[in-house]
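A short worksheet on the structure shown next.
2 protein chains.
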Amino acid sequence: MSEPLRIALAGLGTVGGGVIRLIEANASLIARRAGRPIQITAISARNRSKDRGVDLSGYAWEDDMVILGERPDVDVVVELVGGADGPALALARTTFEAGKALVTANKAMIAHHGLELSAKAEAAKVAFKFEAAVAGGIPVIKGLKEGAAANEIKRVYGILNGTCNYILSTMEDTGRDFADVLAEAQAKGYAESDPTFDIDGIDAAHKLSILSAIAFGTAVDFKGVTATGIRRVLAADIAQADALGYYIRLIGMAEPEVDAQGNHRLFQRVHPHLVHRDHPLAHVDGATNAVVAEGNFVGRLLFQGAGAGDGPTASAVVADLIDIARGDIGAPFSIPAAELTQAAPAESGHRTGKAYLRFTVADRPGTLAEIAAAMRDAGVSIESLIQKGRVEVNGEERVLVALVTHEGPESGIAEALRLLEGSPSLAEPPLVMPLLEE
Amino acid sequence: MSEPLRIALAGLGTVGGGVIRLIEANASLIARRAGRPIQITAISARNRSKDRGVDLSGYAWEDDMVILGERPDVDVVVELVGGADGPALALARTTFEAGKALVTANKAMIAHHGLELSAKAEAAKVAFKFEAAVAGGIPVIKGLKEGAAANEIKRVYGILNGTCNYILSTMEDTGRDFADVLAEAQAKGYAESDPTFDIDGIDAAHKLSILSAIAFGTAVDFKGVTATGIRRVLAADIAQADALGYYIRLIGMAEPEVDAQGNHRLFQRVHPHLVHRDHPLAHVDGATNAVVAEGNFVGRLLFQGAGAGDGPTASAVVADLIDIARGDIGAPFSIPAAELTQAAPAESGHRTGKAYLRFTVADRPGTLAEIAAAMRDAGVSIESLIQKGRVEVNGEERVLVALVTHEGPESGIAEALRLLEGSPSLAEPPLVMPLLEE
Chain A
1 MSEPLRIALA
11 GLGTVGGGVI
21 RLIEANASLI
31 ARRAGRPIQI
41 TAISARNRSK
51 DRGVDLSGYA
61 WEDDMVILGE
71 RPDVDVVVEL
81 VGGADGPALA
91 LARTTFEAGK
101 ALVTANKAMI
111 AHHGLELSAK
121 AEAAKVAFKF
131 EAAVAGGIPV
141 IKGLKEGAAA
151 NEIKRVYGIL
161 NGTCNYILST
171 MEDTGRDFAD
181 VLAEAQAKGY
191 AESDPTFDID
201 GIDAAHKLSI
211 LSAIAFGTAV
221 DFKGVTATGI
231 RRVLAADIAQ
241 ADALGYYIRL
251 IGMAEPEVDA
261 QGNHRLFQRV
271 HPHLVHRDHP
281 LAHVDGATNA
291 VVAEGNFVGR
301 LLFQGAGAGD
311 GPTASAVVAD
321 LIDIARGDIG
331 APFSIPAAEL
341 TQAAPAESGH
351 RTGKAYLRFT
361 VADRPGTLAE
371 IAAAMRDAGV
381 SIESLIQKGR
391 VEVNGEERVL
401 VALVTHEGPE
411 SGIAEALRLL
421 EGSPSLAEPP
431 LVMPLLEE
Chain B
1 MSEPLRIALA
11 GLGTVGGGVI
21 RLIEANASLI
31 ARRAGRPIQI
41 TAISARNRSK
51 DRGVDLSGYA
61 WEDDMVILGE
71 RPDVDVVVEL
81 VGGADGPALA
91 LARTTFEAGK
101 ALVTANKAMI
111 AHHGLELSAK
121 AEAAKVAFKF
131 EAAVAGGIPV
141 IKGLKEGAAA
151 NEIKRVYGIL
161 NGTCNYILST
171 MEDTGRDFAD
181 VLAEAQAKGY
191 AESDPTFDID
201 GIDAAHKLSI
211 LSAIAFGTAV
221 DFKGVTATGI
231 RRVLAADIAQ
241 ADALGYYIRL
251 IGMAEPEVDA
261 QGNHRLFQRV
271 HPHLVHRDHP
281 LAHVDGATNA
291 VVAEGNFVGR
301 LLFQGAGAGD
311 GPTASAVVAD
321 LIDIARGDIG
331 APFSIPAAEL
341 TQAAPAESGH
351 RTGKAYLRFT
361 VADRPGTLAE
371 IAAAMRDAGV
381 SIESLIQKGR
391 VEVNGEERVL
401 VALVTHEGPE
411 SGIAEALRLL
421 EGSPSLAEPP
431 LVMPLLEE
């Protein structure tokens with residue numbers, strides 16, 4: 001058997017511990033599949049003395065993780081520290097400068113610096129892999145880069161944040177409101193104490209920007225993603241959606257376009273959607289993630305599995321290591337960094353579809369007429385007015401009006417909302433969610 | 001850009017035509033992703049003069065397809081002829097003997113000769129790839145070999161035959177009986193004029209034996225697969241399952257075991273199951289395929305997509321070609337053929353679970369008591385007796401008794417059926433289907 005692939009591990013949190021446990025537990029099958037053993041030689045983390053429940057005595061320790069990238073006994077650095085910049089970025093740069101490969105689960109760093117790092121890895125002719133950065137244990141980056149490589153990808157979308165999906169499906173199962181379920185998720189450790197990145201869609205936006213680059217051959221453009229999270233989704237919205245045959249899911253969606261001037265543009269949006277019950281994403285519950293890719297020959301592919309957790313994330317990290325052990329140094333974004341195209345963000349106004357609109361209104365005559373008039377004046381056709389009724393939201397009584405539009409351009413809805421702006425009839429800005437049909 | 005990868009194509013049926021169209025339509029993105037163009041140089045099929053709707057004038061023609069493997073202007077042979085033996089097998093052998101790579105969609109050939117061919121490919125140090133042989137366009141072989149490579153796979157199962165799934169989900173949607181839906185599927189071209197391979201589970205068994213080998217590192221053992229198809233599933237069974245919250249799906253399932261003597265054994269079975277509505281496979285409709293793999297770190301992974309058709313199958317074939325163009329010569333079954341272990345087929349008697357049993361009975365007193373007594377004597381506990389009623393099956397009236405057992409070993413059910421064997425109360429052998437829970 002060949003020489004072992006020697007690994008340095010930066011970051012010994014949940015995922016780092018999972019990687020150590022996996023490499024130890026599955027050592028012999030990994031060696032058989034990789035054609036050589038995978039061996040951890042050096043490690044680094046912020047706190048050396050913390051008890052992590054795994055024996056670290058066999059590994060060399062570095063207080064400064066950046067040094068890991070320069071050690072002569074290391075072939076691949078595994079970065080599990082996180083953070084778009086700071087030590088993680090310094091380590092990545094050092095690693096490529098030293099001519100070593102990098103594996104990371106750091107979606108924020110790739111979303112912000114993926115292009116630079118990809119170019120550095122390619123210049124050094126080393127691997128730069130990040131399967132664990134998107135959708136946890138699901139091999140979706142491999143699925144897009146290799147499994148669907150023969151296809152022009154028309155669209156990629158999915159459930160990219162397990163915390164949001166856990167909250168939405170728990171709201172669905174229990175009828176409870178967002179704040180209540182979030183608090184419980186935090187208590188159980190399913191949501192961070194500062195849940196902003198998850199529930200406001202930033203985490204999903206990081207992942208979506210990475211998927212876009214791989215699917216469409218465009219430079220990673222995190223700034224081009226419009227992100228709206230799930231804070232404003234009410235239990236009442238979920239009940240209304242259910243009555244219509246839909247489930248509410250936070251969907252990240254990306255689609256390349258050519259605009260009227262012939263310029264390439266890229267639509268990237270994270271937004272809660274009403275997903276039709278016959279769509280496979282409707283049945284993705286709990287912290288599960290799922291990604292759909294639509295190819296011009298393969299049609300619709302779905303990849304589903306655990307989106308987070310030490311075991312699944314470690315599985316993705318070590319899959320990358322096995323690929324590297326087998327000699328795979330592919331371009332990180334499928335095609336060389338220099339060939340990735342720049343595409344300005346696409347407008348959303350011309351996108352057509354049905355939408356769900358929910359208004360929180362003053363309880364007085366004429367409110368409904370005002371909403372209906374604005375829709376009419378903006379040319380938006382209403383398919384069904386679902387409800388006008390009182391509901392309790394986090395202990396306060398509110399009056400809600402919910403409706404579903406006929407198929408039409410999003411610009412019409414934007415215009416209707418503009419007409420209603422500042423109306424004393426509306427207690428807060430309306431909530432709009434596109435429908436994702438079967 | 002490097003030299004093109006030169007392809008010979010054997011077989012110009014639906015899939016062959018799809019491969020030509022794909023390579024032409026997506027030529028430039030394939031070249032970018034593969035790092036070099038993929039070029040068809042030579043082709044062969046049974047009938048040269050047939051109009052296939054694609055221009056073949058640019059490709060050299062061979063009347064004898066086996067010669068393709070020996071042409072000096074060919075790097076990879078793509079075999080799309082089908083058949084476990086005959087010309088396909090002769091071509092595969094010739095190709096490896098000539099030191100060229102082979103890509104095939106031929107599940108029957110791999111199920112029967114995979115070990116021999118894998119050893120030949122490894123000896124010649126060439127690629128032997130067959131993503132298209134299992135689950136059409138879904139990159140599930142790659143998902144298992146590479147995406148889940150860090151895991152010990154505990155179990156692999158799924159919906160592997162699109163024809164059966166189309167028939168079952170159409171029966172479900174329409175309430176019509178098997179024979180009726182099959183006839184329609186044949187008329188529409190969704191089922192072969194001789195549908196035996198599909199509806200008796202042989203095709204799914206071919207695919208399952210390939211998945212097992214990759215997932216568990218065992219030598220392909222098609223003969224070790226027990227296959228029961230869907231001929232005996234009635235519309236009444238589907239209605240009963242639905243009332244219980246289940247959908248009937250033909251599931252191929254494989255699981256490695258260690259028996260009481262410490263010997264490695266492999267359970268492989270294709271059988272209709274009642275799939276719980278909260279299981280992701282319950283919602284796989286029409287000709288779609290889906291495969292679940294359960295890993296010891298990643299948990300449950302699901303891969304879903306089109307299981308057949310020219311576009312999806314061509315997508316899988318060309319994905320293999322792109323891998324080869326990138327220089328990937330992995331072991332066909334993930335680990336070298338010589339290291340694949342032999343595992344005798346596992347018994348099913350000790351497998352535990354709930355099961356659905358349906359009896360077609362004589363309409364006279366005592367029938368139910370006789371069934372109940374046999375279950376009791378065999379130690380099988382009945383959870384619910386669903387129905388005793390008359391239904392019309394293909395124009396004939398029958399009396400059916402359906403029940404669901406409590407969790408228990410399959411040996412108990414086998415014993416109960418043995419006790420009932422030859423009973424004048426039963427018009428035909430009972431139909432038994434395991435329940436696949438959430």
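These protein sequence lines are chains A and B, in that order. The first sequence: position 399 = 399 (full-length UniProt numbering), numbered continuously. The second sequence: position 359 = 359 (full-length UniProt numbering), numbered continuously. We treat Cβ as the ideally placed atom computed from N, Cα and C, and that holds for glycine.
Whole-angstrom C-beta distance between residue j and residue i, which should lie under 8 angstroms
i, j, result
"A:Gln39", "A:Pro72", "Their Cβ separation, rounded to whole angstroms, is 15 angstroms, which puts A:Gln39 and A:Pro72 out of contact at 8 angstroms."
"B:Val156", "B:Ala92", "Actually they are not in contact, since the Cβ atoms of B:Val156 and B:Ala92 sit about 25 angstroms apart, beyond 8 angstroms."
"B:Ala10", "B:Leu56", "Not quite, the Cβ-Cβ distance comes to about 13 angstroms (not below 8 angstroms), so this is no contact."
"B:Ala133", "B:Lys100", "No, B:Ala133 and B:Lys100 are not in contact; Cβ-Cβ is about 19 angstroms, not under 8 angstroms."
"A:Ile329", "A:Val126", "6 angstroms"
"A:Leu89", "A:Met109", "6 angstroms"
"B:Ala355", "B:Val270", "Actually they do not touch by this definition, with Cβ atoms about 16 angstroms apart."
"A:Leu141", "A:Glu131", "Leu is not the amino acid found at residue 141 of chain A; the sequence shown has Ile there. Yes, A:Ile141 and A:Glu131 are in contact; Cβ-Cβ is about 5 angstroms, under 8 angstroms."
"B:Gly161", "B:Ala191", "For clarity, residue 161 of chain B is Asn in the given sequence; the question names Gly instead. Not really, about 10 angstroms apart at Cβ, beyond 8 angstroms."
"B:Trp61", "B:Arg48", "6 angstroms"
Below-8 angstroms beta-carbon distance, residue i vs any chain A residue
i, result
"B:Asn161", "no"
"B:Arg326", "yes"
"B:Ala339", "The question names Ala, but residue 339 of chain B in the sequence shown is Glu. At least one chain A Cβ lies under 8 angstroms of B:Glu339."
"B:Ala213", "no"
"B:Gly224", "no"
"B:Ile386", "no"
"B:Ile335", "yes"
C-beta neighbour in chain B for residue i, strict 8 angstroms
i, result
"A:Ser381", "no"
"A:Lys142", "yes"
"A:Asn151", "yes"
"A:Gly17", "no"
"A:Phe297", "yes"
"A:Ser348", "no"
"A:Ile138", "yes"
"A:Glu3", "no"
"A:Glu146", "yes"
Residue i (DSSP reduced to helix, strand or coil)
i, result
"B:His206", "helix"
"B:Thr228", "coil"
"A:Ser169", "helix"
"B:Ala122", "Residue identity check: residue 122 of chain B is Glu in the sequence provided, not Ala. Helix."
"A:Glu255", "strand"
"A:Arg300", "strand"
"A:Ser44", "strand"
"B:Ile382", "strand"
"A:Gly305", "strand"
"A:Val134", "coil"
"A:Gln39", "strand"
"B:Pro312", "helix"
"A:Ala293", "strand"
"A:Pro195", "coil"
Cβ neighbour criterion (16 or more within 10 Å) applied to residue i
i, result
"A:Arg33", "buried"
"B:Arg46", "exposed"
"A:Leu385", "exposed"
"A:Val258", "exposed"
"A:Ser315", "buried"
"B:Lys50", "exposed"
"A:Gln342", "exposed"
"A:Ala293", "buried"
Contact list for the stretch 19-42 of chain B against chain A, Cβ threshold 7 angstroms | Leu22, Asn26, Leu29, Ile30, Arg32, Arg33
Contact set between the stretch 301-323 of chain B and chain A, restricted to residues whose Cβ is under 7 angstroms from the partner | Leu301, Leu302, Phe303, Gln304, Gly305, Ala306, Gly311, Pro312, Ala314, Ser315, Val318, Ala319, Ile322, Asp323
Interfacial residues, the stretch 102-133 of chain B to chain A, with Cβ spacing under 7 angstroms | none
Return the residues of the stretch 264-290 of chain B that lie within a Cβ-Cβ distance of less than 7 angstroms from chain A, sorted by chain order.
-> Result list: Pro280, His283.
Chain-ordered residues of the stretch 61-84 of chain A with a beta carbon less than 9 angstroms from chain B = none
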